[in-house]
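Written below as structure tokens is the structure these notes are about.
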Amino acid sequence: MRLDPCILVIFGATGDLTHRKLYPALYNLWLDKLLPERFAVVSIGRREKNDDEVRQDIVRSIQQFSRTAKPSGDRLDQFLAMFSYYQLDFNDTAGYGPLKEYLEEKDQIHGTLGNRVYFLAVAPEYFSPIAKELHDQGMAEQRGSWQRVVIEKPFGQNLPTAIQLNNDVRATFGEENIYRIDHYLGKEMAQNIMIIRFANTLFEPLWNNRYIDHIQLSLTETVGVEGRGPYYEQAGALRDMVQNHMLQLLSLIAMEPPVTLDTESIRDEKVKVLRSLKVKREDVVRGQYGRSESGEIRAYREEDRVSPESQVETFVALKATIDNFRWAGVPFYLRTGKRLPRKYSEIVIQFKKLPGVLYFKDNDLDPNILVIRVHPDEGVYLQFNAKQLGTSSLIVPVSMDFCHNCADGLNSPEAYERLLYDVMRGDSTLFTRWDEVEHSWRFVDQIAEWWQEQPEIPIYPSGSWGPKESDELPEKDGRRWLYFVRNEGTR
Ligand code: BG6
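Note that the working numbering has the sequence shown beginning at 66, numbered continuously upward.
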């Protein structure tokens, strides 16, 4: 597909996200010839820098974080020629007029026709002021050109602040031009969920409460807060992971088939899931990481710029239900946390056991299980029962394992590559619509309120699977947390 010419304007060019994700993603898109033919990037930051310095930053960021071969020589120079730097204090209202002129000059040089992607890779307090200035300077007017804005999370702190932020951004951009990023939606296997469900006779008819016993969704990490103390103190795992990534994956797993594959039809179905989602107070567990048993890893409360009395959660597990005809009675167990033993993201669909006759009469056979692996390996694992090899008549669980990214030389695109590409081609399917955000906050806010009444947070040792209450959550229902990380067996 031929993309319209445009300028990508990155607010927050000296920040972590730009350095780790955006520059490497642009580089890989460029290598894959997926950038518009006429294209420029204007990196905006508060620090004083010249174009050469920012280009050196870009080289460093590609060397450190790009998934593909490291750049050099003339080809690299060609890539770097698209970039320039503009210094601006985001609160300096007088600075936006000259920025507008600067971008118009760039349009002349690069033939980009006034089309813009404004990427707000900045702290959330700047979202509204930047949107307002773009509006006041007429920089978001869609006259003969298009103007899109990309907003990183967190989209608000709770529902009231999200509404305020949404109103501020909507005063400048129409909903169709707002791209709220959830990078999990850019991951290969997140995009694969609908295909696995709706393109397979084997799964589609079984995808309901008649055949599915329960579903688990785990997004676990080994890292701690990695120097992001001030952000995390405001967010916690509930706002950092559950409100966005987990509920987005959940809605893709549970949604009804959309009427068509267009953006709004898919989003309509996702919103219905979020509206039907229920949780009980006693089915939510939180925890905060303490020191590891060896004492080598420090506790959350000892991290930089974190309060020594912090009650912020670094772990959440919960059991939710979806009150509709398809899912009534099927529990959805969700867990996410930092400083856990493994980094992995997986969706486990456990099917119901067959009736207690024939092979099930005397044996407690394993159930069929389908696992959608999102990270680190991407693929699908299916467990079923078969006869043990040889003269034995034992029935044992066997598996089929498809790995999307295991073949030599296969290297899945990073989520940000797909997402940046989609913004430039004007496809917002993998971004969240306002009502999805709204209903996610409603779900999460009720939990945050319950926690306010119980301020003392349970501590779990770093390197463990979270507080013991997390294991008890499925155990109360006769189930347990599962994981199927490749080459590591199951848990
Ligand atoms: C981010 C969170 O959105 O997702 C981080 O802010 C978290 O705290 C990260 O570490 C996890 O993403 P991934 O792609 O590494 O699983």
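Cβ coordinates follow ideal geometry from the N, Cα and C atoms, glycine included.
Query                                                                                                                                                           : Result
According to DSSP, is T83 helix, strand or coil?                                                                                                                : helix
Please look up how many angstroms separate the CB atoms of K408 and T285, rounded, as I've assumed it's under 8 Å.                                              : 7 Å
Note the first and the last residue of the continuous alpha helix (DSSP H) segment covering M204.                                                               : It is not in any alpha helix (DSSP H) - M204 carries neither H nor E in the DSSP assignment.
Is the CB-CB distance between H248 and L484 below 9 Å?                                                                                                          : yes
Can you tell me which of the three DSSP states V290 falls into?                                                                                                 : coil
Residues in the same chain with beta-carbon distance under 7 Å from Y276, minus the five sequence neighbours each way, listed in chain order, please.           : F416 and K417
What three-state label does DSSP hand E269 in the structure shown?                                                                                              : helix
With distances taken Cα to Cα, identify the nearest neighbour of N156 among Q129, I109 and E518.                                                                : I109
Taking 8 Å as the cut-off, is the beta-carbon of D500 closer than that to any non-hydrogen atom of the ligand BG6?                                              : no
Can you find the residues in the same chain that come closer than 6 Å, C-beta to C-beta, to G160, ignoring five residues on each side of it along the sequence? : L153
Run through DSSP, which three-state label would P478 get?                                                                                                       : coil
For P219, which of L199, F238 and Y191 has the nearest alpha-carbon?                                                                                            : Y191
Identify which residue in E291, Q448, V463 and Y446 has its Cα closest to the Cα of L454.                                                                       : V463
Can you tell me whether V288 sits near the ligand BG6, meaning its C-beta is under 8 Å from at least one heavy atom of the ligand?                              : yes
With respect to 8 Å, is the separation between the Cβ of D442 and the closest non-hydrogen atom of the ligand BG6 below this value?                             : no
Take F508 and list the residues in its own chain whose beta-carbon comes closer than 6 Å to its own, dropping the five residues that flank it on each side.     : L342
For P322, which option in K337, Q313 and L312 has the closest C-alpha, if you only look at C-alpha atoms?                                                       : K337
What does a CB cutoff of less than 7 Å around L164 pick up in its chain, not counting 5 residues either side in sequence?                                       : Y151 and L153
For the beta strand (DSSP E) that contains F184, what are its first and last residues?                                                                          : R181 to L185
How about G360 and I524: are their beta carbons less than 9 Å apart?                                                                                            : no
By the 10 Å Cβ neighbour count, where 16 or more other Cβ atoms means buried, how is C471 classified, buried or exposed?                                        : exposed
Do L91 and V107 have their CB atoms nearer than 9 Å?                                                                                                            : no
Closest to T325 by CA distance: which of S126, V182, R208 and M259 is it?                                                                                       : M259
Rank I216, G289 and G176 by C-alpha distance to the C-alpha of S210 and give the top, closest one.                                                              : G176
Is D81 near the ligand BG6 - that is, is its Cβ less than 8 Å away from at least one heavy atom of it?                                                          : no
What are the residues that DSSP puts in a beta bridge with P526?                                                                                                : G355
With a threshold of 8 Å (Cβ to nearest heavy atom), would R293 be considered close to the ligand BG6?                                                           : yes
Is it true that the segment 394–407 meets the segment 528–547, where meeting means three or more beta-carbon pairs spaced less than 8 Å apart?                  : yes
Compute the beta-carbon to beta-carbon distance between A205 and T237, rounded to the nearest angstrom, for a pair I have assumed lies under 8 Å.               : 5 Å
At what residues does the alpha helix (DSSP H) containing L538 begin and finish?                                                                                : K533 to E540
Would the beta-carbon of D369 be found less than 8 Å away from any heavy atom of the ligand BG6?                                                                : no
May I have the straight-line CA-CA distance separating N115 from T158, to the nearest angstrom?                                                                 : 22 Å
Report back the beta-carbon spacing between I434 and I280 to the nearest angstrom; my notes put them in contact at under 8 Å.                                   : So it is not a contact: roughly 11 Å between Cβ atoms.
Output yes or no for whether 9 Å exceeds the beta carbon distance between E503 and L87.                                                                         : no
Just tell me which of L178, T133 and N231 has its CA closest to the CA of D500.                                                                                 : N231
With DSSP run on the structure shown, which of helix, strand or coil describes F148?                                                                            : strand
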